[in-house]
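Step one of this worksheet: look at the structure below.
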Amino acid sequence: MNFVISNTSFHKDSYLDDGNKFLIGNGYMGVRGTLDEYRKDKFPSVNLAGIYDKVSDSWREPLNAPNPFYTYIEVDTNKCFPSEETPFNHKQELNFRHGIFSRKTSWKNEKGLIHFKSERFVSMNNCHIYGCKFSAFSNYDCNLSIYTGIDKDVWDINGPHYTKISFKDIDNLVLCNAYAGNSHKTVIVTRKDFFLNEACEFNDGIKKFNLHLKAFEEVTLTYLGAIFTSNDSLNPEDEAINITCGFNENSYEIEKKKSIDVWEELWDICEVNIDGDEKANISMNYSLYHLNSIAPRHKDNLSIPARGLSGQVYKGAIFWDSEMFMLDYYLYTNPKVAKSLIEYRIESLPLAILKAKEYGHSGAFYPWESQEGGIEACTYYNVIDVFTKRPQRTYFRDKQYHISSAIVYGIMKYINHTLDYDILINGGAETIIECAKFYLSLLLKPFYKDKYEILDVVGPDEYHERVNNNAYTNKMAKYTFKSALECIEILKNYSPKLYENKKLNELIKDFTTAYEKIYIPCPDDNGIIEQFDGYFKLEDVSLDNLKSRLIDPREYWGGAYGIASQTKIIKQADVVTMLEIFHDEYDENILKNNFNYYETRTEHGSSLSACMHGLLACRFNEPNIAYPFFLKSAETEIKGKGKKWAGLIYIGGTHPAASGGAYKVLVQGFAGLYFKDGKPKIKPCLPENWNGLYFKFLYNNKKYQVSITKNHSKIEEIYHG
Ligand code: IFM
Numbered sequence: 015m016n017f018v019i020s021n022t023s024f025h026k027d028s029y030l031d032d033g034n035k036f037l038i039g040n041g042y043m044g045v046r047g048t049l050d051e052y053r054k055d056k057f058p059s060v061n062l063a064g065i066y067d068k069v070s071d072s073w074r075e076p077l078n079a080p081n082p083f084y085t086y087i088e089v090d091t092n093k094c095f096p097s098e099e100t101p102f103n104h105k106q107e108l109n110f111r112h113g114i115f116s117r118k119t120s121w122k123n124e125k126g127l128i129h130f131k132s133e134r135f136v137s138m139n140n141c142h143i144y145g146c147k148f149s150a151f152s153n154y155d156c157n158l159s160i161y162t163g164i165d166k167d168v169w170d171i172n173g174p175h176y177t178k179i180s181f182k183d184i185d186n187l188v189l190c191n192a193y194a195g196n197s198h199k200t201v202i203v204t205r206k207d208f209f210l211n212e213a214c215e216f217n218d219g220i221k222k223f224n225l226h227l228k229a230f231e232e233v234t235l236t237y238l239g240a241i242f243t244s245n246d247s248l249n250p251e252d253e254a255i256n257i258t259c260g261f262n263e264n265s266y267e268i269e270k271k272k273s274i275d276v277w278e279e280l281w282d283i284c285e286v287n288i289d290g291d292e293k294a295n296i297s298m299n300y301s302l303y304h305l306n307s308i309a310p311r312h313k314d315n316l317s318i319p320a321r322g323l324s325g326q327v328y329k330g331a332i333f334w335d336s337e338m339f340m341l342d343y344y345l346y347t348n349p350k351v352a353k354s355l356i357e358y359r360i361e362s363l364p365l366a367i368l369k370a371k372e373y374g375h376s377g378a379f380y381p382w383e384s385q386e387g388g389i390e391a392c393t394y395y396n397v398i399d400v401f402t403k404r405p406q407r408t409y410f411r412d413k414q415y416h417i418s419s420a421i422v423y424g425i426m427k428y429i430n431h432t433l434d435y436d437i438l439i440n441g442g443a444e445t446i447i448e449c450a451k452f453y454l455s456l457l458l459k460p461f462y463k464d465k466y467e468i469l470d471v472v473g474p475d476e477y478h479e480r481v482n483n484n485a486y487t488n489k490m491a492k493y494t495f496k497s498a499l500e501c502i503e504i505l506k507n508y509s510p511k512l513y514e515n516k517k518l519n520e521l522i523k524d525f526t527t528a529y530e531k532i533y534i535p536c537p538d539d540n541g542i543i544e545q546f547d548g549y550f551k552l553e554d555v556s557l558d559n560l561k562s563r564l565i566d567p568r569e570y571w572g573g574a575y576g577i578a579s580q581t582k583i584i585k586q587a588d589v590v591t592m593l594e595i596f597h598d599e600y601d602e603n604i605l606k607n608n609f610n611y612y613e614t615r616t617e618h619g620s621s622l623s624a625c626m627h628g629l630l631a632c633r634f635n636e637p638n639i640a641y642p643f644f645l646k647s648a649e650t651e652i653k654g655k656g657k658k659w660a661g662l663i664y665i666g667g668t669h670p671a672a673s674g675g676a677y678k679v680l681v682q683g684f685a686g687l688y689f690k691d692g693k694p695k696i697k698p699c700l701p702e703n704w705n706g707l708y709f710k711f712l713y714n715n716k717k718y719q720v721s722i723t724k725n726h727s728k729i730e731e732i733y734h735g
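The number in my numbering is simply the position in the sequence shown, starting from 1, with 14 added.
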């Protein structure tokens with residue numbers, strides 16, 4: 015398979031999309047795939063994981079590091095970069111097998127042609143290290159000036175964050191110390207350049223090299239450096255300097271090779287092979303590249319923001335996307351990363367308990383948009399109205415109760431897949447029990463009914479706010495009670511001491527009653543489950559008709575006045591997600607009927623939606639119906655066509671949940687992978703245009719290989735070194 019994607023011509027306005035498409039990352043930092051010469055108006059950025067800051071009244075968001083990949087060139091004192099004019103030739107590539115970004119650009123003038131090329135990587139071997147190699151070549155003699163260094167003018171959505179930035183040049187090593195005064199965070203960037211002559215100027219982090227470039231002689235500049243923050247170490251400056259001091263002329267190739275070796279190890283387990291469908295194969299593996307580039311392999315308590323490490327969109331926050339859409343990929347290919355996602359939530363428990371209290375509930379109410387340690391970043395006014403330009407009240411923060419059940423789902427999945435029960439004693443059980451207590455405190459029993467209800471919620475379909483008895487939420491609450499009971503049972507055997515807690519006995523009673531008595535909407539006479547009380551009475555309008563009502567294309571469809579709110583049009587899979595998760599409790603006809611009913615009424619306005627439809631279609635054994643939904647999710651990153659606006663708020667970037675969702679359709683849907691009695695099993699249903707499907711995965715510390723062809727399928731254990 016070809017692991018390279020490219021742009022073969024120059025488009026001066028494509029920098030926003032290219033930044034995502036050509037992104038390189040290693041879980042610690044994500045470097046947008048913009049050109050060397052781009053400054054902050056073209057959104058270059060080095061996004062750091064898990065470090066946040068806030069400027070005055072604006073939203074808290076992650077800190078971007080000063081950009082060490084900045085270079086521009088003058089030839090005979092004419093600026094070549096940045097090019098306002100179309101270059102003679104331009105090619106930009108991402109080798110997504112090895113996480114290497116490269117570009118080649120040529121300019122033509124009356125004297126001849128000048129060519130530049132560069133390539134860069136961030137190390138998969140040591141997440142703090144980055145490197146770049148930059149070359150110039152001309153077919154006539156010319157004078158070249160190269161301006162290159164650490165650009166302190168950082169692109170931010172709600173910045174500038176740094177209140178103090180200083181530079182030092184210590185024996186050819188540039189040290190940048192950037193301090194964000196509000197959060198007292200420090201980001202250190204070091205850089206060491208290797209070139210044939212010395213810099214003639216050094217100004218604010220940028221060096222100037224002059225040289226006479228002889229015709230047909232190539233000159234090359236390589237640089238490497240390190241990034242550390244005050245989150246990583248008490249002395250990030252020393253750490254970065256120590257690493258960078260050790261670099262010499264050969265280090266670029268050496269570090270690049272070490273990084274490539276780690277990428278190869280990762281691909282050994284995660285590469286998938288779809289025989290007979292090159293488009294799907296490339297898109298899927300490219301999506302996995304993105305999941306690998308943002309995986310927190312370096313830390314054991316970090317999760318992944320909804321837009322990965324592609325920018326500060328959605329405040330760099332963690333959503334239910336991590337547990338419900340991404341987790342399985344890491345469980346199957348790198349359980350250590352899966353554990354990090356789970357540990358992050360366990361460590362966030364104290365703040366989730368505080369949030370529940372703040373709203374008058376018990377237990378743990380997890381943040382809808384979670385930052386470090388579980389800080390709730392979701393605001394009450396999360397959308398800006400396009401007409402009034404005023405912030406619009408949304409109820410994501412206070413009413414998306416289903417978030418706590420996602421954490422429970424994640425922990426249970428982790429335990430069932432790895433059989434690592436220790437996590438239960440180390441906070442996992444407490445987390446699940448606190449989440450179950452949260453749902454207990456939401457239950458209301460109408461006087462005349464023998465059922466408990468959950469009122470005033472926002473389900474996965476965010477367009478209909480403050481509804482009662484959302485099927486997804488109620489079912490996930492029920493699942494939470496069951497999980498809490500299961501986990502208490504496990505504790506009984508696993509850690510009898512912990513179990514000897516009198517309060518637990520009371521809770522067992524309450525969870526059991528809640529599990530039995532919570533109201534779960536049943537299919538009606540047509541086999542359809544009502545998404546929430548009263549949904550069936552809403553206006554039944556077609557998606558096209560609804561779209562024709564838009565006055566502004568960026569209008570927000572939900573909330574009090576949104577065009578969808580009083581209609582049956584929903585934003586994303588809701589009942590469909592519920593049925594996918596609990597498919598084995600429902601008859602195939604019910605799955606199919608609900609798929610057909612809701613799909614025509616779904617905008618798929620979230621990149622989380624298509625994969626759930628794809629999965630559900632596999633559950634009722636219709637892989638050809640599932641296929642376009644799978645492809646839509648798998649192609650989200652490669653096509654870069656995701657939604658960019660919610661009202662006036664920019665929401666573009668990468669979409670790891672869609673990538674994780676596509677992987678789920680592939681592995682759990684088309685291959686039908688499931689686990690029973692401690693063993694993996696498959697129940698394949700391939701789309702008709704596929705000849706075969708091959709992949710590996712880990713389960714309970716063992717490595718397996720699946721091969722499925724039209725007439726034969728097998729799953730076998732292989733050596734796990
Ligand atoms: O978590 C999702 C949510 O379901 C829909 N809006 C975007 C969020 C982040 O992906």
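Even glycine gets a Cβ: it sits at the ideal position worked out from N, Cα and C.
Values in this document were obtained by computation on a predicted structure and should not be read as measured data.
Straight-line Cα distance separating residue j from residue i
i, j, result
"C156", "E267", "28 Å"
"Y303", "I360", "27 Å"
"S376", "I447", "11 Å"
"L469", "L458", "8 Å"
"A624", "F110", "24 Å"
"I179", "E269", "28 Å"
"D30", "K56", "One point to set straight first is that residue 30 is Leu, not Asp, in the sequence displayed. Looking at the two C-alpha atoms, the distance is approximately 7 Å."
"Y6", "I417", "The chain is shown from 15 up to 735; residue 6 falls before or after that span and cannot be answered."
"K105", "A366", "48 Å"
"G322", "G126", "43 Å"
"S152", "S137", "31 Å"
"T723", "N559", "43 Å"
"S247", "A574", "47 Å"
"E337", "D314", "16 Å"
"S721", "S120", "46 Å"
"K413", "F401", "25 Å"
"G39", "T668", "12 Å"
"W659", "K523", "47 Å"
As assigned by DSSP and simplified to three states, the class of residue i
i, result
"M15", "coil"
"H597", "helix"
"M43", "strand"
"R411", "helix"
"D342", "helix"
"K56", "helix"
"C146", "strand"
"C141", "coil"
"F709", "strand"
"T48", "coil"
"L238", "strand"
"E232", "coil"
"G387", "helix"
Proximity test, Cβ basis, 7 Å: residue i and chain C
i, result
"K293", "Absent from the structure is chain C; it holds one protein chain and no more."
Contacts around residue i, its chain only, beta-carbon distance under 6 Å, and the 5 residues preceding and following it disregarded
i, result
"N705", "D289 and G290"
"W571", "Y477, I577 and A578"
"M626", "A587, V590, T591 and E594"
"D207", "Y237"
"H112", "I274 and W277"
"T33", "Going by the sequence as given, residue 33 is Gly instead of Thr. Here the set comprises R46, G47, T48 and F57."
"S3", "Residue 3 lies beyond the residue range present for the chain, which begins at 15 and ends at 735; the question has no answer from this structure."
Neighbourhood of residue i by C-beta distance below 7 Å, restricted to the same chain and skipping five residues each side
i, result
"S648", "For clarity, residue 648 is Ala in the given sequence; the question names Ser instead. A294, S297, M298, S301 and A676, listed in sequence order."
"K657", "G619 and I665"
"S23", "H104"
"L552", "Q580, T581 and K582"
Proximal residues to residue i (C-beta, below 8 Å), its chain only, five neighbours per side dropped
i, result
"I220", "Y84, Y161, T162, G163, I164 and D165"
Query - In chain order, each beta strand (DSSP E) run of at least 3 residues that lies wholly inside the stretch 241-313 - result: Positions of the beta strand (DSSP E) runs, each at least 3 residues long and wholly inside the stretch 241-313, are given as 287-289 in order along the chain.
Report task. Run through the stretch 503-575 for me and flag every whole alpha helix (DSSP H) of 4 or more residues, listed as ranges in chain order. Result -> Counting whole runs of 4 or more residues, the stretch 503-575 contains the alpha helix (DSSP H) stretches 510-513, 516-531 and 557-562.
Query - Every unbroken beta strand (DSSP E) inside the stretch 583-666 [3 residues or more] - result: Runs of the beta strand (DSSP E) inside the stretch 583-666: none found.
Report task. Only counting runs of 4 or more residues, tell me where the alpha helix (DSSP H) segments fall wholly within the stretch 426-461, in order along the chain. Result -> As summarised for the stretch 426-461, the continuous alpha helix (DSSP H) elements at least 4 residues long and confined to that stretch are 443-456, given in chain order.
Requested in this report: Would you list, in sequence order, the uninterrupted alpha helix (DSSP H) runs of no fewer than 4 residues that lie entirely inside the stretch 105-140?
Outcome: Secondary structure in the stretch 105-140: no alpha helix (DSSP H) run of 4 residues or longer lies completely within the stretch.
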